[in-house]
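Student:
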Amino acid sequence: MVITKTESYYLNKNLKLLLMTTGKLITGILAGAAAGAILGILFAPDKGSETRKKISKKGSDLTDAIKNGFTSMSDALSNKYESIKHDTAELLEKGRDKLQSAKDDGKKQPQAL
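Residue numbers for the sequence shown follow numbering that gives the first Met the number 0, beginning at 0 and rising by one.
#1: For I65 versus K53, is the C-beta distance shorter than 7 angstroms?
#2: Among the candidates E92, E81 and K56, whose CA atom is the shortest distance from the CA of N13?
#3: Go to K57, then tell me how far its alpha helix (DSSP H) extends in each direction, as first and last residue.
#4: On the three-pair Cβ rule with 8 angstroms, is the segment 93-102 touching the segment 66-81?
#5: Using only the alpha-carbon positions, how far apart do T87 and K23 sit?
#6: Between the C-alpha atoms of S48 and G68, what's the straight-line distance to the nearest angstrom?
#7: Between Q99, S77 and T62, which lies nearest to A33 when the distance is taken from Cα to Cα?
#8: When the Cα of A36 is compared with those of G58, T20 and S77, which residue comes out closest?
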């Protein structure tokens, strides 16, 4: 099946909307997690060396969380894109079938002058 420019436009529009929404959510979650981790470490009554170790560990944990978040987001976006693409193709096929059926019905009915 060939996708026309109009179909491609709507697929891209839906994907951009999904990317913006998901990106804002992940950014908010990561910012909140980072702020909470930093405040928790700074107010902890530990020695400087222990605090530095905790900061290093939290940094590593945050890096891992970001990587996992982007992997999950990428997978979700890929799945959503494929779903939208499939649904759009089905909808277009149904529309084409209805158009062809209407054309065939128009040819069968005699034209009144």
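All C-beta atoms, glycine included, are put in the ideal place defined by N, C-alpha and C.
Tutor: Judging by the given coordinates:
#1: Along the sequence shown, read from residue 1 onward, the residue named residue 65 stands at position 66. Along the sequence shown, read from residue 1 onward, the residue named residue 53 stands at position 54. Taking 7 angstroms as the cut-off, the beta carbon of I65 is found no closer than this to the beta carbon of K53.
#2: By one-based count along the sequence shown, residue 13 stands at place 14. Checked all of E92, E81 and K56; the closest Cα to N13 is E81.
#3: For the purposes of this step, residue 57 is taken as residue 58 along the sequence shown, with counting starting at 1. Note, K57: alpha helix (DSSP H), G47 to K107.
#4: These segments do not touch.
#5: Counted from its first residue, the sequence shown places residue 87 at position 88. Counted from its first residue, the sequence shown places residue 23 at position 24. Approximately 26 angstroms between the Cα atoms of the pair.
#6: By 1-based counting over the sequence shown, the position of residue 48 is 49. By 1-based counting over the sequence shown, the position of residue 68 is 69. The C-alpha of S48 lies about 30 angstroms from the C-alpha of G68.
#7: By 1-based counting over the sequence shown, the position of residue 33 is 34. The residue with the shortest Cα to Cα distance from A33 is T62.
#8: Numbered from 1 along the sequence shown, position 37 holds the residue referred to as residue 36. Residue G58 is the option with its Cα nearest to A36.
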